[in-house]
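What follows is a set of notes on a single structure, which appears directly below.
Numbering (this note's numbering), first residue to last: 49 to 262.
Below, the structure written as structure tokens:
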């Protein structure tokens, strides 16, 4: 059997450590969803993961660092999901409808992730952590605002404040998890369609205005 060289050993250790961090984050998500932010501790997460609390401390210095990773991983998962759903949308109107419908369905199919994310963002305290929450919201508003602004520039959307409309849409999206948890029997497809139609009507350029521009 050929002995590993130092570079191979380092790569192997890095793979194992990355897998362990992923395991810890996954256990943290489950724990947050089960017991909430206040009761989530390294000990509870370790129990969920079947590892020692000391091993968590090896990878994360404190809960805030672990929770930041939870937020980052869930956001990355959500971004990948929405990117796939928006895909090759043929128009900005279609992209907006797919964005809204995709988010509704993400909240439905990833309920524990969404619950864990909400627990972290609601529970974080301190100036640094409040800044994390603020920055996360600003990123979301900015992404929606960019889509709306580009839709206006291409003549698909009517004249309105992209910022104000983005804030309104984000508020509607943020209300989705609460509705799904309060009413588990919600018809998700109908919810996605209704919300998509509502904002499509709110932003689209009317036929008369298109004729006027022509």
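Ideal Cβ placement from N, Cα and C applies to all residues, glycine included.
Contacting residues, own chain, Cβ-Cβ under 7 Å from residue i (five flanking each side not counted)
i: residue 160; result: 77, 78, 81
i: residue 66; result: none
i: residue 189; result: 214, 215, 218
i: residue 191; result: none
i: residue 139; result: 204
i: residue 246; result: none
Cβ-Cβ distance between residue i and residue j below 8 Å
i: residue 248; j: residue 144; result: yes
i: residue 251; j: residue 206; result: yes
i: residue 221; j: residue 151; result: yes
i: residue 93; j: residue 104; result: yes
i: residue 97; j: residue 90; result: no
Selected residue, minimal CA-CA separation from residue i, among the options
i: residue 216; options: 139, 196, 200; result: 196
i: residue 71; options: 223, 251, 148, 107; result: 107
i: residue 125; options: 113, 136, 74; result: 74
i: residue 171; options: 67, 83, 68; result: 83
i: residue 198; options: 231, 109, 95, 210; result: 210
i: residue 242; options: 253, 224, 231; result: 224
i: residue 85; options: 116, 68, 67; result: 116
i: residue 113; options: 134, 140, 142, 69; result: 69
Own chain partners of residue i with C-beta closer than 6 Å, once the 5 adjacent residues on each side are dropped
i: residue 244; result: 145, 148, 149
i: residue 213; result: 196
i: residue 88; result: 79, 80
i: residue 231; result: none
i: residue 201; result: none
Neighbourhood of residue i by C-beta distance below 8 Å, restricted to the same chain and skipping five residues each side
i: residue 229; result: 159, 163
i: residue 227; result: 234, 239
i: residue 119; result: 165, 168, 169, 180, 184
i: residue 236; result: 152, 153, 156, 228
i: residue 141; result: 199, 204, 205, 248, 251, 252
i: residue 134; result: 143, 146, 147, 150
i: residue 254; result: 206
Buried or exposed by the 16-neighbour rule on C-beta atoms within 10 Å, applied to residue i
i: residue 128; result: exposed
i: residue 233; result: exposed
i: residue 51; result: Residue confidence is low: residue 51 scores 47 on pLDDT, short of 50, so the model does not pin down where it sits. No coordinate-derived value is stated.
i: residue 63; result: exposed
i: residue 203; result: exposed
i: residue 132; result: exposed
i: residue 193; result: buried
Contact with chain B by residue i, beta-carbon distance below 8 Å
i: residue 94; result: No chain B is part of this structure, which consists of one protein chain only.
Exercise. Mind listing, in chain order, the continuous alpha helix (DSSP H) runs of no fewer than 4 residues lying wholly within the stretch 93-168?
Key: The qualifying runs are 101-107, 111-134, 140-157.
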